[in-house]
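My numbering puts the sequence shown at residues 195 to 509.
Built from N, CA and C at the ideal position, the CB exists for glycine as well.
The structure appears right after this line, and notes come after that.
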Amino acid sequence: MMDWTDRHCRYLHRLMSQHTLLYTEMVTAPAVIHGDRDRLLGFDPAEQPVALQLGGSDPAQLAQAARIGAAFGYCEINLNCGCPSDRVQSGRFGAILMEDAALVANCVSAMRDAVDIPVTVKCRIGVDDQDPQQVLPDFLARVSAAGVDHFAIHARKAWLQGLSPKENRDIPPLDHELVVQMKGLFPHLTIAINGGIASLDAAEAFLAQGLDSVMIGRAAYHTPSEILLQADARIFGGGTPRTAAEVVHLMLPYIETHLAAGGRLGQITRHMLGLFQGQPGARGWRRHLSENVHADGAGPQVVLDALDHVTRVAA
């Protein structure tokens, strides 16, 4: 979810669900150590619970970055072993780490020694010509022996040779059943399933099969009202969901604070385009935001005017 789940996105999503665990974009360990930490790691306390997702393959760097992340207040440090982009391949992190379980074990061991909060791993079922039936259980066994007991498994291979990162999200076939099998092989591990899950109906079905949790990425971003607004009531036994319109109004003070600090309206509203997806007036909402957020002086009124496209249709 690089370039998607930034702090503005997470603040919006937290208004929609109080109980789901939110993740940052993947941030590389060297960037955390040497970069602008406030920009890379800063977040509003209202986003909690939120996990920091790190990329890297150097145990010492990852330990230092984990320590910094913990000091910022994150509730979990997640090591990404699933991202297939060219950048992560050249830096030997992300999905290519599926080829070196021993290195991942060293990395998470160093990270666990550095922090008192949970260290978790997000991985694929394999890469390129690997046989997932052999590679995935071996990977889980080796890495869990280093002390990690929580894995989020994206149920696709990553093809590092021949497919783009975008193609890697859709072309390799899903093998959800293999992830379910891993829970049977490793009942002591907490296993979340990820990949191609587009509804809470599907999420509930996986939970009923014994998986501990479900990670939803693109569907939660593009259709948040169907996923996040309903998650607390359906998955966590929470109360009456907010409406998308209520969420819009709750975002206005956050928008005003961001603009007063020199930010731009579009940095926030780009994450709000899908709020009314599938509902009457959604097209007008998206169009008004897209056409007006970059105008001089654009502020909360632009958002309220966009909301009128929805409320007029509903009325």
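Task: Euclidean distance between Cα positions of Ala492 and Ala223 - done: If you take the alpha carbons of Ala492 and Ala223, they lie about 36 Å apart.
TODO: Determine the DSSP secondary structure at Leu248, reduced to helix, strand or coil.
DONE: strand
TODO: Leaving out five residues on either side along the sequence, give the residues of the same chain with a beta carbon under 6 Å from the beta carbon of Leu209.
DONE: Val441 and Leu444
- [ ] In angstroms with no decimal places, state the Cα-to-Cα distance between Met466 and Asp426.
- [x] 20 Å
TODO: Report yes if the CB atom of Leu234 is closer than 8 Å to the CB atom of Val226, and no otherwise.
DONE: yes
- [ ] Mind the definition here: the segment 252-269 touches the segment 199-206 only if three or more C-beta pairs lie below 8 Å; say whether that holds.
- [x] Contact between the segment 252-269 and the segment 199-206 is absent, with fewer than three C-beta pairs closer than 8 Å.
Open item on the list: With distance defined between alpha-carbon atoms, name the residue in Leu330, Val309 and Gly341 nearest to Asn300.
Closed with: Gly341
Task: Exposure label - Phe430; buried when at least 16 CB within 10 Å - done: exposed
Open item on the list: DSSP three-state label for Phe345, please.
Closed with: strand
Open item on the list: Taking its Cβ as the centre, do 16 or more other Cβ atoms sit within 10 Å of Trp353, making it buried, or is it exposed?
Closed with: When all chains shown are included, Trp353 counts as buried.
- [ ] Could you tell me the distance, in whole angstroms, from the CA atom of Pro239 to the CA atom of Ile311?
- [x] Whole-angstrom Cα-Cα distance: 17 Å.
Open item on the list: Please return the same chain residues whose Cβ sits closer than 8 Å to the Cβ of Ile462, not counting the five positions on each side in sequence.
Closed with: His202, Leu206, Met445, Tyr448, Ile449 and His452
- [ ] Return the CA-CA distance between Gln375 and Leu501, expressed in angstroms with no decimal places.
- [x] 45 Å
Task: Bridge-paired residues (DSSP) for Ile271 - done: Leu246 and Val313
Task: Rounded separation between Phe287 and Pro253 - CA only - done: 12 Å
TODO: Using 10 angstroms around the beta-carbon of Leu248, count the other beta-carbons present and answer buried if the total reaches 16, otherwise exposed.
DONE: buried
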